[in-house]
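Inspection log for the structure reproduced underneath, given as structure tokens.
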Amino acid sequence: MATEAPDPTEVPDPPAAPEAPAAPEPPGASEPRGATGAPGTTEAPGAVQAPGPGAGGTSGAGRAPGAGRSPHRAAAPGTATAPARAASARERAARAARRRRRSRPWLLLAPALLAVGGLLLWPLGRVVWMSFQDYGLREIVGGSTNYNGGANYAEILGQSYLWTTVLPNTVLFAAVCVALTVVLGTLVALLLLRLPPLWRTLTASTIMMAWAMPAVTGTYVWVWLFDPFGGAVVQGLGSLGLVDPAATNWFTGRLTFYAIATVNVVHHSFPFVAVTVFAGLLTIPRELHEAGVVDGANAWQRFWSITVPAIKPVFLVVVILSTIWDFKVFVQLYLMPGGNGANPAVLNLGVWSYVESFAQRQYGMGAAIAVLLTLLLLAITVVYIRALFAEGREKGESL
Amino acid sequence: MKQRVRPPVRGVALALVTALAWTVTGCGTGSASDDGTLTVWIMEGTNPDAGPFFDEVGAAFTERTGARLDVQYVPWPDAHDKFTKAMAGGTTPDVAEIGTTWTAEFADAGALADLTAHSAAAEGEDDMVPALRTAGTYDGKLYGVPWYAGVRALLYRRDVFAEHGLSAPTSWPELREVARELKEREPGMLPFPVLGDSEYTLDAFVWGAGGELATPAGDGWRSAIGDREAVRGVDFYTSLATEHGTSAQAATTWDEADLVAGLTNGKVAMAVAGSWTPATIVGDRPELAGKLAAAPLPGSDGGLSPSFLGGSHLGVFHTAADQELAWEFIELMTSAEYARKWADQTGYFPGRTSLVERAAQRRDPLVAPFARQMADAGRTVPVTPAFGEIQGKKTLARMVQAILSGKKSVQQATREAAAEMDESFGD
């Protein structure tokens, strides 16, 4: 309903421009899923960037320009007796007004764009520019350039180390972490939903502690637990006679190294998923579940046919965010014994980029790896965003 | 209404642009010394209480030159990045303490001033510790003046050795025997940990066997880690762990900080440790006072194995407006009085041979052996930026880890490491 109501407060109405009632859609008004919180906010930028006529949301976009034109046309015959100049002057004024309206959002966006451009896009551009050079300390000091074409990319993509070690490490580690994080987070969210208020508060604040712990601190705790020389886990298993502490070092094996890193990352990130999914769960009307119970669906069936479809956008968002985070895990790997480059079998793209550029001072090479990591992340994000929007359209049509 | 809305927007934009412009130009004028101030970067933490020392130096400096001293402290872990950023932004200090392995790199990049002429005219010229002087020389020119350094030697538990009637080994076979003896008699301790992530410990064994890390070849360098002598050193060092069980798998991922933790916890009986570590260990665990002793690193058939000297140079950046003033400061800092004072406060050795030799005469079992090691058998790694790259890549640490964890044989690991080093020397 909100989409049909012209908002009188939206745009100041200059007397010279009678077509002003063609008020742009209030941003977000055509956004059908405001209730789900997070998904709504992801769409908001789109709505803000182009609030002008003809570029509004999906359902009301066609209406606004039409509504804008019709009063104008209706007025034209009324002024037929007046000189044509008046009409064209008014036309000009209208066009100017429209131009002003169109430029205003950009003006309002300018500070944000300047900040984003200065702090994000410019450095990003520099990284790309650097990735096509053999860029070392000498170039930094002298401010000179040293282009080598795509040699950095050729070297990276041409070595088997990328394909057999770094890329599998990055992708598999991220995939496992995302899957475990989302599953564990969802289970905890379902648990939270069933707990009485006191226990819910206690549980929620306990898991928040894991989230609030800085990654560096958390990593040291896990390293300390799994330390082969006096760490609680190895000593405990050793006293049970399961492992020989003197001959054990889980940080040297690729699988065991990543198993510890996975525990660390999942432990650190599942609370976010739990809290977000929990917020989503609260929006599901109780009647849906009651109807399911009446129809004889068991908990498993109700979860898959009621809960999951109802908060699918929430799942999409936590999966996207977790994927992005887990692809670029750095601290948790770099700080583990051997993770700083001493054990080449355990590097992922992020750590490799750092080791290449900052430890070896080959900034061009590191930049090229960073660009590849960014492209990989962009590709994944595009796939997810499209899935998210497809989901949104589907939902918009069904409402 | 529009008339009222717009100007503020423009105003904001204008203010923003102005602010940006200010910060941009602000970056360009970092630390110029045009007002009679000398900006100096000093590493943080070497001297636990550096403030009073530099107050005193500052007063003496002002008295001597009339200029003010502005000392800024830089934490070691961030230091290299900070130097790099300062070079990129043109905000380098006038004088800085520079890690001995960085000097060649910065000199090669063109950031440092040539100090050869100044040094030749000064009195301390012949007194510089040779290995530190080598590390500060690039392309035949001196860029870093030796300030202070530490050295690695054998550190052991005096009480444990006395209990079992052992004495410090004086050759490699003895070292192995003592370690095996300790393994039998002190099962709760690591007799001699073999560190997987400490290149400098390995270096001593490579040099001790008569090998080299790399040798000059033509215009550049060639890796020598795959040569017969070097391989023998690598083999002896790693075999202590892989064949004689004097270490544990845990040490495969240890660096020197982990070793210090092991010594502090009383879990390590003997190790290759830095001259600066006993103070830290005893400070963290006072009951170990008097229970630690040091000995120079034994050579393979007696004598000494050379060991890496790690420390700091003082260098002058090209950006320094008054190069003479900068040199005056370096001269003051490396004068016998302040060099010794700094050494006494930090537990490192001064970069002057005469002062190190004097320390070697002292009776302190934790000072004299280290001083002897430094004066008689101190070495430095190849002085080329490419070697910094190799260290960053951890080529040698990778090699040791692969051997210790059983992934590669000594032959295979050294051969591959040599190839990797040559690749870095190549470009």
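These protein sequence lines map, in sequence, to chains A and B.
All the letters of the first sequence, read from the start, carry residue numbers 11 to 409 under my numbering.
All the letters of the second sequence, read from the start, carry residue numbers 469 to 895 under my numbering.
Built from N, CA and C at the ideal position, the CB exists for glycine as well.
These figures come from a predicted structure and were not determined experimentally.
Where does residue i fall in DSSP's three states?
i: Ala845 (chain B); result: coil
i: Leu488 (chain B); result: Here the model assigns Leu488 (chain B) a pLDDT of 44, short of 50, so the residue's position is not dependable and the matter cannot be decided.
i: Thr638 (chain B); result: coil
i: Arg114 (chain A); result: helix
i: Trp722 (chain B); result: coil
i: Glu711 (chain B); result: coil
i: Glu680 (chain B); result: coil
i: His781 (chain B); result: strand
i: Asp812 (chain B); result: helix
i: Trp335 (chain A); result: helix
i: Ile566 (chain B); result: strand
i: Ser367 (chain A); result: helix
i: Gln311 (chain A); result: helix
i: Gln372 (chain A); result: coil
Would residue i be called buried (16 or more neighbouring beta carbons within 10 Å of its own) or exposed?
i: Arg95 (chain A); result: exposed
i: Glu680 (chain B); result: buried
i: Ser822 (chain B); result: exposed
i: Met867 (chain B); result: buried
i: Ala483 (chain B); result: Here Ala483 (chain B) scores only 46 on pLDDT, less than 50, and its place in the model should not be relied on; the value that follows carries that caveat. By the neighbour-count rule (16 or more Cβ atoms within 10 Å), Ala483 (chain B) is not buried but exposed.
i: Arg111 (chain A); result: buried
i: Met219 (chain A); result: exposed
i: Lys338 (chain A); result: buried
i: Asn162 (chain A); result: buried
i: Val392 (chain A); result: exposed
i: Gly513 (chain B); result: exposed
i: Arg472 (chain B); result: Residue placement at Arg472 (chain B) is poorly supported in this model, since its pLDDT is 42, which falls under 50; the coordinates are not used for a value here.
i: Ile395 (chain A); result: exposed
i: Pro385 (chain A); result: Inspection of the sequence shows that residue 385 (chain A) is occupied by Leu rather than by Pro. Exposed, since its Cβ has fewer than 16 Cβ neighbours within 10 Å.
i: Pro36 (chain A); result: Residue placement at Pro36 (chain A) cannot be trusted, given a pLDDT of 40 that sits under 50; the coordinates are not used to answer.
i: Val563 (chain B); result: buried
i: Ser249 (chain A); result: exposed
i: Ser279 (chain A); result: buried
i: Arg136 (chain A); result: exposed
Would residue i pass as a contact of residue j if the rule is Cβ separation under 9 angstroms?
i: Leu864 (chain B); j: Val662 (chain B); result: no
i: Phe261 (chain A); j: Pro238 (chain A); result: yes
i: Trp427 (chain B); j: Asp665 (chain B); result: The structure shown has nothing for residue 427 (chain B), since chain B only spans 469 to 895.
i: Ser141 (chain A); j: Ala380 (chain A); result: yes
i: Ala870 (chain B); j: Thr258 (chain A); result: no
i: Ala845 (chain B); j: Ser775 (chain B); result: yes
i: Thr191 (chain A); j: Val138 (chain A); result: no
i: Arg620 (chain B); j: Ala575 (chain B); result: no
i: Val198 (chain A); j: Ala309 (chain A); result: no
i: Val226 (chain A); j: Leu345 (chain A); result: yes
i: Ala271 (chain A); j: Leu382 (chain A); result: no
i: Pro837 (chain B); j: Leu643 (chain B); result: no
So, for residue i: in the same chain, excluding its five sequence neighbours on each side, which residues have a beta-carbon less than 6 angstroms away from its beta-carbon?
i: Lys861 (chain B); result: none
i: Arg696 (chain B); result: none
i: Ala854 (chain B); result: Ser892 and Phe893
i: Gly694 (chain B); result: Thr882, Arg883 and Ala886
i: Ile330 (chain A); result: Tyr394
i: Thr605 (chain B); result: none
i: Gly767 (chain B); result: Gly676 and Ser773
i: Arg700 (chain B); result: Ala677
Return the chain-ordered list of same chain residues with a C-beta closer than 8 angstroms to the C-beta of residue i, the five sequence neighbours on each side being excluded.
i: Leu172 (chain A); result: Ile166
i: Leu298 (chain A); result: Ile316 and Ala320
i: Arg820 (chain B); result: Gly592, Asp595, Met596, Val597, Pro614, Thr802, Ala804 and Ala807
i: Cys187 (chain A); result: Thr272, Val275, Val276, Ser279, Ser332, Asp336 and Val339
i: Trp689 (chain B); result: Ala682, Thr683, Pro850, Thr852, Ala854, Phe855 and Phe893
Leaving aside the five residues before and after residue i along the sequence, list all residues of the same chain whose C-beta is less than 7 angstroms from its C-beta, in chain order.
i: Thr720 (chain B); result: Gly664, Gln869, Leu872 and Ser873
i: Ala436 (chain A); result: Residue 436 (chain A) is absent from the model: chain A starts at 11 and stops at 409.
i: Ala599 (chain B); result: Leu777, Gly846, Arg847 and Thr848
For the ligand ATP, I want to know if residue i counts as a neighbour, meaning its beta carbon is within less than 8 angstroms of at least one of the ligand's heavy atoms.
i: Arg396 (chain A); result: Absent from the structure shown: the ligand ATP. Ligands present: none.
Practice prompt. Using a Cβ-Cβ cut-off of less than 8 angstroms, give me the residues of the stretch 364 to 398 of chain A that come near chain B, in sequence order.
Written response: Val365, Phe368, Ala369, Gln370, Arg371 and Gln372
Practice prompt. For the stretch 850 to 869 of chain B, enumerate the residues whose C-beta is nearer than 9 angstroms to any C-beta of chain A, in chain order.
Written response: Pro853, Gly856, Glu857, Ile858, Gln859, Gly860, Lys861, Lys862, Ala865, Arg866, Val868 and Gln869
Worksheet item: If you measure beta-carbon to beta-carbon, which residues of the stretch 568 to 582 of chain B are closer than 8 angstroms to chain A?
Response: Glu573, Phe574, Asp576, Ala577, Gly578 and Ala579
Worksheet item: What are the residues of the stretch 248 to 266 of chain A that lie near chain B, defined by any Cβ-Cβ distance shorter than 7 angstroms?
Response: Ala256, Ala257, Thr258, Asn259, Phe261 and Thr262
Practice prompt. Note down, in chain order, all residues in the stretch 153 to 169 of chain A with a beta-carbon under 9 angstroms from any beta-carbon belonging to chain B.
Written response: Gly153
Worksheet item: What are the residues of the stretch 352 to 363 of chain A that lie near chain B, defined by any Cβ-Cβ distance shorter than 9 angstroms?
Response: Ala352, Asn353, Pro354 and Ala355
Worksheet item: Listed from N- to C-terminal order along the chain, which residues in the stretch 118 to 140 of chain A have their beta-carbon within a distance smaller than 9 angstroms of any beta-carbon of chain B?
Response: Leu118, Ala120, Pro121, Leu124, Ala125 and Gly128
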